[in-house]
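Notes for the one structure printed next.
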Amino acid sequence: MNTLTSLLRHWACQTPEALLYTYRDTHGNITESYDCESFNARVNFVAQQLADRDIVHQGEPVLLIYPSGLEGIIAFMACVKNGAIPAPAPWPDRMSGRAAAERIQHMQADCDARVVLTVSDGLQRLNGSAPTSSRPMEWIATDKWKGSQDHFQTSQCDTLFIQYTSGSTDLPRGVMVTHENIIHNSNVLPDINDGRCCGVSWLPFHHDMGLIGFYLFAIVRGGVTHLMSPADFLKRPQLWFETITTEAATITCAPNFGYQYCLRDKKISDRDLNEFNLSSIRLMMNGAEPVDPVTMDAFADRFSQCGLEQNALVAIYGLAEHTLAVTSGGRRVFDSAECHLPATQGHDHRPTQRPIMSCGFPLPGVELHIVDPNKRAKMPDGGVGEIWLRGESVTNGYWGRNHQEAHSLFTAAFESEGNGNTYLSTGDLGFLLDGELYITGRLKEVILVRGRNIYPIDVESITQRTLNRTGRSLVAAFGSTTHGVSEEIVILIEDCGNPIDLRRVAQAVGEHMGVRPGVTALIPRGKLTTTTSGKIARSACRRDWDSGLIEPIRQYRSRQSSAGDGDISSILQQIEGLPDDESVEYAGLDSLTLTQLQLELLRGAERTGLDVEEFQYDMRIINKLSVGELRLLLPRLKDSSFGSDEIQFLRDVARERIGVIAANEQEQMLADGELALDIQPAQAAPQNYDTADILLTGATGFFGAFLLNSLLLSTDRRIVALVRSTDAQAGRERIIEALQKANVPFGRSGNGFDLARLVEQRVKVVCGDLTEQRLGLSQTDWSDLAQTVGTVYHCGAEVDYIRSYDSLSAANVSGCEEIIRFCASEKLKRLHLISTTFVAGWTSTKVLGESECDPPEGALNFGYAQSKWVAERLAYQALRRGLPVKVFRPSLLTAATTGSFVERDIVSRVFSYLIRYGLRPNCGNQLSFIPADIAAKNIVAVSLCDEATDDTFHVTANNYYNMSQICECISRCYGYEMRECSLDGLIEHVNENCTREDPLYPLVPFINRNFKKLAEMEEKRYATAKFQNALQLAPGSCPEPPLEYTVQLIIDYLKKTGMV
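Each residue of the sequence shown is one higher than the one before, starting from 2 at the first, in our numbering.
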């Protein structure tokens, strides 16, 4: 049995009723399934239809374009039984229509296919939309053929199929894979159990790991594969683990980003984990892109509670030119800071400074050597060189090239050995240590982005076409990992004196390739290294860029979009299953998606030629649509039928809903701001504040973690943390995670405090929720807590500049009132309310005093400011009724001295944009930056100082500076060129240039709506005398750092996270 067709017949005869494939939908329902006999019979029937209609011929390539499901593998095997050569291509959901059409054209030209097999929906998507090719293409939908048959006379072809490795659209390259390659590679993989293998996969059909590892290996080895779509995994990652649990799966695999995705906040909850059982897994592989040891450790730790065995999770290495797998079983981590490799000569390639994950041991029958590619000599153990391979899994080269070009991936024998053997030169760099392979980089120039091969020449070609450049290349493209483990595309363009729109270049590359470059930079002329023949030396350019030898004149940085980022099709998927009467505001769409929605509606409105400025300025129009109305509008935006009727409908929404809401909103705020009459602090018994517990809300947030740290180090009292969690242990883990993200000393610190011990001994977790009555506590727990707590630091709140007052009031207003009720219950407690200077809204008063704030009508026009103002209003009423209250109003909390910050913070977003585009607005509005940990330390110090008797404090900088001065500081200290512009000019630039890859993008509606108000309050200043006086009185307070130091912390963070 040396072919896949004979193996399929074998299983159909030997185990006819054994399940072979199943396919599940988003909810885990099996929508397709085949046992060995029925799958073989279905393949025979489709193969017969192809033969009878003279559609495919022996030895000829056939393009396969199928969505997730089982139709693709049926068509694949039907082609193989006819001796035709299937060439799977991505389903066009993954790319724009033009990009899909161009990819099909290039693949067709490369393999000279005359037939495309697909499904009926594929005919509608692609047939007729593809560009005209030199050879007519026949489009056939195989799903319309219903039936099965027992026998089919098979034909044979030396090449089993063509595996395309390139994610580009210009020059996809196909690897010729044989039956022998597949069978050998499958048989050398670890035998993980004595019985039939049970696999689970969400990898796409066209991807080598998905196709070979889970569709074809099931036919070779026997076993069953349970499949789902990548889109369903991204939409509901629980499906992956539910299927493993239900089917007691033994093997699964994913790229590194899949494991990272499952570790994101709110993707897999603690409650979800309780439902999973991963104890059946014997092999859970991480491959297809660089493996991050931190991700591996975090995944193993989190999912060990589901029964995942530590030894089951491994890193692997492979490549399409070697069929699939080369090594397996990687569990060790090499850290150059802790380990030393022997010195090697003759090459420049050294391990990176970051820890490297082992990819395991070479598989049986795989001959692997580390070679100096210049000397063609083997490297000693620990020496870094190119990875060479030999064995029966090595493929026959690239399709469609002449013999020499097709085998260009092979190199000559070692010069020290005269045996005539040839080896696959992978272009990958690594070293062997104790028999295990560690990958350090890439010698070849192909760029790997999320498992897709991107060829630099394609990127450079698109860039030159976009710039209308011809002749000698002034462009270099390469891959870089300077901003993390995953590789990104870098494009360097030499300055020729003509205006260059870097954003337009990045967009063009992203549109054609399906992957946006990470960095597109304009550099001085003559900085690109070339060979003696005048060609770009990409490896040298990459080395110069990574080492900082090339300083860009300016650069455009984009972040890779992820699933569900907000395109119309994705938004429709996100709202699928929601009731029509659900408000968009409560549909769970994030700020990025809401912004994209607004801009899509704006573009649709602009196509009508109408003046629709109000859509640009008021996000509430989107929030007040229903899901059903959105379902009607989005398809019209997609097919450009959006017109005046839709515009009138939106205007009716603005008038009938927003007008009424705006009129009632002020009344609602005033009503919510009336403290309940039954809250009477004066009737509570006195409390011993010096010994009683401290209650802290918001401890798992960015600022709350620093407050907790300061309280632990400044007091000896027990801290009770109110945390939204399923149980106390899960809440404690959230707190520890927040402290670690804040980079606070976790362990033995310089001042002798062991923070880990302090958390364990002095932090009590209470599971609760600010949005619920009695904070989600039972009456007994409420009363017990009210007896023991003497001071409350209320830091918990939702911060969002897009959402409405109504959507934020539950946490920010009702939660504050429940906290006040708690402070007045049983025994009288002190309340320290962490508020914000935003409570003044857009008031243009020249001095904002440290006292109760009453902004004029219209000054509060966004939900966050409104909700925090109402919360303060409640606190001041409680103060007048006898509750000891102190209100702390930070302005802009910035990067901490520990180096931590948050990418979504408004300061991060704004200054990332200004630096990226080189802008220095000349507005004079006061900005007040305080590092978050210093602000927390000073708040705690003042709150503990009995001599600080005032009730309101502005936690702001004592010295005045504005945005222009901060930008000047950035330019002076870091060398960024930032040209002066007006506020109007900045807004115009944002609207013309800000894309969804810019961190600022979600705030564009907020900026558009309020920039005129910002100009009106240019002369406003923060009073800070009370806070400065309190700092003088409070032991343990910290002085305000110089502006240059505060800016340094911000810029260092932006650089570290790749935001600049």
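Beta carbons are placed, not taken as given, at the ideal position from N, Cα and C, and that holds for glycine.
- Our two residues, residue 296 and residue 257, have alpha carbons roughly 8 Å apart in a direct line.
- For the segment 664 to 691, there is no continuous alpha helix (DSSP H) assignment of 4+ residues that stays within its boundaries.
- Between residue 632 and residue 576 a beta carbon distance of about 7 Å is seen, short of the 8 Å cut, so the two are scored as contacting.
- Exposure of residue 14 is indicated by the presence of fewer than 16 other C-beta atoms within 10 angstroms of its C-beta.
- A straight line joining the alpha-carbon of residue 666 with that of residue 936 spans about 33 Å.
- In the DSSP assignment, residue 286 falls within the unbroken beta strand (DSSP E) covering 284 to 287.
- Here the alpha carbon of residue 144 sits roughly 16 Å from the alpha carbon of residue 41.
- For residue 234, the secondary structure class from DSSP, reduced to helix, strand or coil, is helix.
- In the structure shown, residue 375 adopts coil according to DSSP, grouped into three states.
- Excluding the 5 residues flanking it on each side, residue 250 has same chain C-beta neighbours closer than 8 Å at 199, 200, 201, 227, 244, 281, 282, in chain order.
- Annotated three-state conformation of residue 364 is coil, per DSSP.
- Taking residue 306 as reference, the option from 271, 285, 327 with the minimal CA-CA separation is 271.
- Distances from the CA of residue 308 to each of 242, 983, 67, 46 were compared; the closest alpha carbon is that of 242.
- The way I'd put it, the segment 862 to 877 doesn't touch the segment 699 to 715; fewer than three beta-carbon pairs between them come closer than 8 Å.
- Within a 10 Å sphere around the beta-carbon of residue 381 sit fewer than 16 other beta-carbons, which makes this residue exposed.
- Taken through DSSP and simplified to helix, strand or coil, residue 1018 comes out as coil.
- Here DSSP, grouped into helix, strand and coil, assigns residue 468 to helix.
- Per DSSP, the continuous alpha helix (DSSP H) segment holding residue 867 begins and ends at 864 to 881.
- Listed as beta-bridge partners of residue 83 by DSSP are 156.
- In chain order, 36, 225 place their CB closer than 6 Å to the CB of residue 20, counting only its own chain and leaving out the 5 sequence neighbours on each side.
- Of the candidates 24, 123, 113, 146, the residue whose Cα lies closest to the Cα of residue 54 is 146.
- The segment 80 to 96 makes contact with the segment 206 to 225, as at least three CB pairs between them are under 8 Å.
- In this chain, the alpha helix (DSSP H) harbouring residue 263 covers 257 to 263.
- The Cβ atoms of residue 190 and residue 394 lie no closer than 8 Å to each other.
- Rounded to the nearest angstrom, the Cβ distance from residue 891 to residue 837 is 6 Å, consistent with a contact under 8 Å.
- Per DSSP, the beta bridge partners of residue 480 are 490.
- Relative to residue 904, the option among 174, 1054, 783 whose CA is nearest is 1054.
- The segment 69 to 80 and the segment 173 to 183 do not touch, with fewer than 3 CB-CB distances between them shorter than 8 Å.
- Cβ-Cβ distances below 6 Å link residue 16 to 37 in the same chain, with the five nearest sequence neighbours on each side left out; the list follows chain order.
- Secondary structure note for residue 1055: it is in no beta strand (DSSP E), and the uninterrupted alpha helix (DSSP H) holding it is 1044 to 1057.
- In the three-state scheme derived from DSSP, where H, G and I count as helix and E and B as strand, residue 1060 is classed as coil.
- In this structure, 988 is the residue among 293, 988, 264, 1024 with its C-alpha nearest to the C-alpha of residue 1010.
- Per DSSP, residue 67 lies in no alpha helix (DSSP H) segment and is marked neither H nor E.
- Per DSSP, residue 316 is one residue of the beta strand (DSSP E) stretching across 314 to 319.
- DSSP links residue 963 through a beta bridge to 927.
- Per DSSP, residue 741 lies in no beta strand (DSSP E) segment; the continuous alpha helix (DSSP H) that holds it begins and ends at 729 to 742.
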